[in-house]
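Input: a single structure, listed below in structure tokens.
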Amino acid sequence: MKKKLGSLIMAVTLIMSLALVGCSGDKKTETKTGTEKPLTVGFLYVGPIGDEGYTFSHDAGRLALEKETGVKTIFKESVKEDLAEVQKACEEMINQGANVIVGTSFGFMDGMEASALKHLDVKYLHASGYKTSVNMSNYFGRIYQARYLSGIVAGMKTKTSTIGYVAAFPIPEVIRGINAFTLGVQSVKPDAVVKVRWTNTWYDPTKEKEAGKALVADGVDVIAQHQDTAGPLQAAEEAGISAIGYNTDMAAKAPKAYMTAPIWNWGPYYVEQIKAIKAGTWKSGSYWEGLESGIVKLAPLTANAPTGAAEAVDKAKATILSGKNKIFVGPLTAQDGTVKVAKGVVMSDKELLSFDWFVKGVEGKIAK
């Protein structure tokens, strides 16, 4: 009897165990394919949030993401643009529970790609790069459109027809921006020149300010920039000349010099991507939108801007939005006089993303 009772108990126990396993299996399937698994989004920043520029703009997007979607976010500042360091930072994020990783600088690309290949269950969003995989997208905005508009303001402001530009690294993104700015300048002042000073850094307030001072000594009366800090603006402020900022509205940093700036609005993109991931509809790809999307803008013009600049900017913006102004359309001539783009020909996105030459009117060399 005891033997039969024991066998009965064992059978009942086995049935209950199988039932529990079945329930557990159902839950695992639901977590894997459904939308109930909580997301943690990790952000890798190239500089400190306190730069009040590029990294600050991404962090504003992170905060907007938290507010609108309720997802948990974590971040790491001043990540070195190095393959091993980026992979290490990604692992740290994953160990903290991140199942989505956002890398905000071009130099993070290879490290993120290597991490993505290792962690196929994690989604990766990389800013300004060109590599994609099944679980890694790239994204950026056509900030060159806003730079063109800021060039109109600079061109209308300069009295010497000599404008300075403090630039980070000689990569296509920066070169494209300098060229767009110059074309904007030339649209209102054809004889103007744009002098470039390289810093070979994204974030170095002292170095950026010194580059600005060097341009002042070189005779410029307006300074523009592709840098993460207000250093160039402050150099302009101290010299009593005008300036164009970048990334965020930095009017408070140089109230007497600052006129406007091409700025970023990352929040809508981050919200869109995370909502797609939660809905299970996300697919990797390349995002590169412009003024029409709101990801790039021109900051409000201050009283330092020249008379008539607001009207000129509005008119040019309207032609860009209508598709009538492609900005990079021939004839376009390089510094050495070579015709690079024939009359009427519009440069393709592939050509824009591999820009390695300056348009006529830019003074400076592209370091190889």
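First residue of the sequence shown: 109, per the numbering used here; consecutive thereafter. Quick reminder that beta carbons are idealized off the backbone N, C-alpha and C, glycines included.
CA nearest to the CA of T307, picked from V274, I385 and N373 | V274
Taking the CB atoms as reference points, tell me whether A351 and F289 lie closer together than 9 Å.
-> no
Just tell me which of Y354, Q381 and A360 has its CA closest to the CA of A369.
-> Y354
In this structure, does DSSP put T177 in helix, strand or coil?
-> helix
Roughly how many angstroms lie between the CA atoms of T255 and K196, to the nearest whole one?
-> The sequence shown places Arg at residue 255, rather than the Thr named in the question. Between R255 and K196, the C-alpha separation is close to 35 Å.
Can you name the residues that DSSP bridges to A338?
-> Beta-bridge pairing links A338 to no other residue.
Going by alpha carbons, who is nearest to V194 out of D167, K267, G161 and Y232?
-> Y232
Report, in whole angstroms, the separation of the C-beta atoms of A413 and V261, which I expect to be a contact under 8 Å.
-> 5 Å
Work out the CA separation of V453 and L323 for me, nearest whole Å.
-> 34 Å
Looking at F164 and T314, is the spacing between their C-beta atoms short of 9 Å?
-> no
With 16 other Cβ atoms within 10 Å as the buried cut-off, status of S236 = buried
Could you pull out every residue in the same chain whose Cβ sits closer than 6 Å to the Cβ of D218, ignoring the five residues on either side in sequence?
-> L191
For M244, write down the residues that DSSP places opposite it in a beta bridge.
-> Y232 and S241
Grab the span of the alpha helix (DSSP H) containing V296 for me, first residue to last.
-> P280 to V296
Reducing DSSP to helix, strand and coil, say where K136 ends up.
-> For K136, the predicted structure reports a pLDDT of 31, less than 50, and the residue's modelled location is therefore unreliable. A value from the coordinates is still provided. Reduced to three states, the DSSP call for K136 is helix.
Using the C-alpha atoms, what's the distance from A417 back to K303?
-> 22 Å
Beta-bridge partners of T441, as assigned by DSSP | V447
Alpha carbon to alpha carbon, how far is F466 from H334?
-> 15 Å
Rounded to whole angstroms, what's the CA-CA distance from G469 to D329? Just pull it up for me.
-> 16 Å
When the Cα atoms are used, what is the spatial distance from M220 to W390?
-> 18 Å
Ordered along the chain, which non-local residues of its own chain (more than five positions away) have a Cβ less than 8 Å from that of W310?
-> V154, G155, Y162, S213, A276, F277, Q335 and D336
To the nearest angstrom, how far is it from the Cα of I325 to the Cα of K361?
-> According to the sequence as given, residue 325 is Ala; it is not Ile. So the alpha carbons of these two residues sit roughly 21 Å apart.
Would you mind sorting E345 into buried or exposed? The rule is 16 or more other CB atoms within 10 Å of its CB.
-> buried
May I ask you to report which of helix, strand or coil DSSP gives K267?
-> coil
With 16 other Cβ atoms within 10 Å as the buried cut-off, status of D457 | exposed
If F463 sits next to R284, beta carbons under 8 Å apart, how far is it from one beta carbon to the other, in whole angstroms?
-> 4 Å
3-residue-minimum beta strand (DSSP E) runs that sit fully inside the region 361–401, ordered along the chain = 366–368, 370–372 and 394–397
Where do the ends of the beta strand (DSSP E) carrying G219 lie?
-> Unbroken run through G219 is the alpha helix (DSSP H), M217 to K226; no beta strand (DSSP E).
In chain order, what residues of the same chain have a beta carbon less than 7 Å from the beta carbon of E400, not counting five sequence neighbours either side?
-> L429
What residues in its chain sit with their C-beta under 8 Å from that of K364, if we drop five residues either side in the sequence?
-> E345, G348 and N412
G272 (DSSP reduced to helix, strand or coil) = strand
Look up L152 in the DSSP assignment and say whether it is helix, strand or coil.
-> strand
How is A475 classed by DSSP in three states: helix, strand or coil?
-> coil
Cα separation between F216 and P340?
-> 25 Å
Measure how close the beta-carbons of S269 and K297 come, nearest whole angstrom, since I'm counting them as under 8 Å.
-> 6 Å
With respect to the beta strand (DSSP E) encompassing I352, which residues constitute its N-terminal and C-terminal limits?
-> S350 to I352
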